[in-house]
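The structure appears below as structure tokens.
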Amino acid sequence: MAIERTLSIIKPDATARNLTGKINAKFEDAGLRIVAQKRIQLTPAQAGKFYEVHASRPFYGELCEFMASAPVVVQVLEGEGAIAKNREVMGATNPADAAPGTIRAEFAQSVGENSVHGSDAPETAAVEIAYFFSGLELVG
Ligand code: UDP
Ligand code: MG
6 MAIERTLSII
16 KPDATARNLT
26 GKINAKFEDA
36 GLRIVAQKRI
46 QLTPAQAGKF
56 YEVHASRPFY
66 GELCEFMASA
76 PVVVQVLEGE
86 GAIAKNREVM
96 GATNPADAAP
106 GTIRAEFAQS
116 VGENSVHGSD
126 APETAAVEIA
136 YFFSGLELVG
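Residue numbers for the sequence shown follow this note's numbering, so the first one is 6 and each next one is one higher.
Here it is as structure tokens:
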């Protein structure tokens with residue numbers, strides 16, 4: 006399987022509860038390498054642009070507000086099949102459906118405040134990585 010890069014975000018509910026290290030350990034234990042990482046505070050407009058694919062969904066307003074409510078940690082994860090592997094480590098969107106041991110099963114508070122974001126395909130990973138990081142910030 007090819008080496009891929011994917012965009013991960015540790016969301017405000019998780020940074021607020023000081024869970025960055027515990028979540029990063031899950032990625033590293035699964036063989037994902039954190040090749041770029043920074044803690045930033047999004048504005049609602051920046052969150053809205055990131056999630057614009059969901060603009061027509063009923064939860065969009067709440068989602069943008071939540072993502073701007075506290076700092077997030079944005080990161081690039083690298084590894085074999087990193088996009089699917091990260092989704093596996095994250096668990097299902099709704100923590101009630103997330104498999105035991107996954108980040109969302111252990112840490113998520115609700116379907117909205119679910120601790121992590123992960124890209125869902127190579128095309129979206131490329132766009133999402135470029136939204137937060139320049140080439141110079143990706144050191145492998
Ligand atoms: N979301 C929500 N309510 C829903 C579905 C999604 O608040 O019914 C939020 C949740 O934070 C989720 C994000 O919108 O992580 C993006 O939704 P998506 O379906 O892309 O889920 P993901 O790819 O994050 O698992
Ligand atoms: Mg998604």
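The beta carbon of each residue, even a glycine, is placed where N, CA and C say it ideally should be.
Close Cβ partners of residue i (< 8 Å) along its chain, the five nearest in sequence each way excluded
| i | result |
| --- | --- |
| Glu-85 | Met-6, Ala-7, Ile-8, Glu-9, Gly-36 |
| Lys-16 | Phe-71, Met-72, Val-77, Glu-118, Asn-119, Ser-120, Val-121, His-122 |
Limits of the unbroken beta strand (DSSP E) element including residue i
| i | result |
| --- | --- |
| Ala-35 | Premise fails: Ala-35 is in no beta strand (DSSP E) and is neither H nor E. |
| Leu-143 | Premise fails: Leu-143 is in no beta strand (DSSP E) and is neither H nor E. |
| Arg-10 | 8-15 |
| Val-121 | 121-123 |
| Glu-83 | 77-85 |
Span of the alpha helix (DSSP H) around residue i
| i | result |
| --- | --- |
| Gln-46 | No alpha helix (DSSP H) holds Gln-46; DSSP gives it neither H nor E. |
| Leu-24 | It is not in any alpha helix (DSSP H) - Leu-24 carries neither H nor E in the DSSP assignment. |
| Gly-66 | 65-72 |
| Tyr-136 | 127-137 |
Status (buried if at least 16 other CB within 10 Å, exposed otherwise) for residue i
| i | result |
| --- | --- |
| His-59 | exposed |
| Asp-102 | exposed |
| Thr-107 | buried |
Close-in-space but distant-in-sequence residues of the same chain around residue i (CB under 6 Å, 5 per side omitted)
| i | result |
| --- | --- |
| Ile-14 | Val-77, Val-79, His-122 |
| Arg-44 | Pro-76, Val-78 |
| Leu-24 | Phe-112 |
Residues of its chain near residue i, where Cβ-Cβ distance is below 7 Å and the 5 sequence neighbours each way are ignored
| i | result |
| --- | --- |
| Gln-114 | Asp-18 |
| Glu-142 | Ala-41 |
Sub-9 Å separation of residue i and residue j beta-carbons
| i | j | result |
| --- | --- | --- |
| Ala-87 | Thr-11 | yes |
| Val-132 | Phe-32 | no |
| Leu-82 | Arg-109 | no |
Answer yes if the segment 130-138 comes into contact with the segment 21-30, meaning at least three C-beta pairs across the two stretches below 8 Å, and no otherwise. Output reads no: the segment 130-138 does not touch the segment 21-30.
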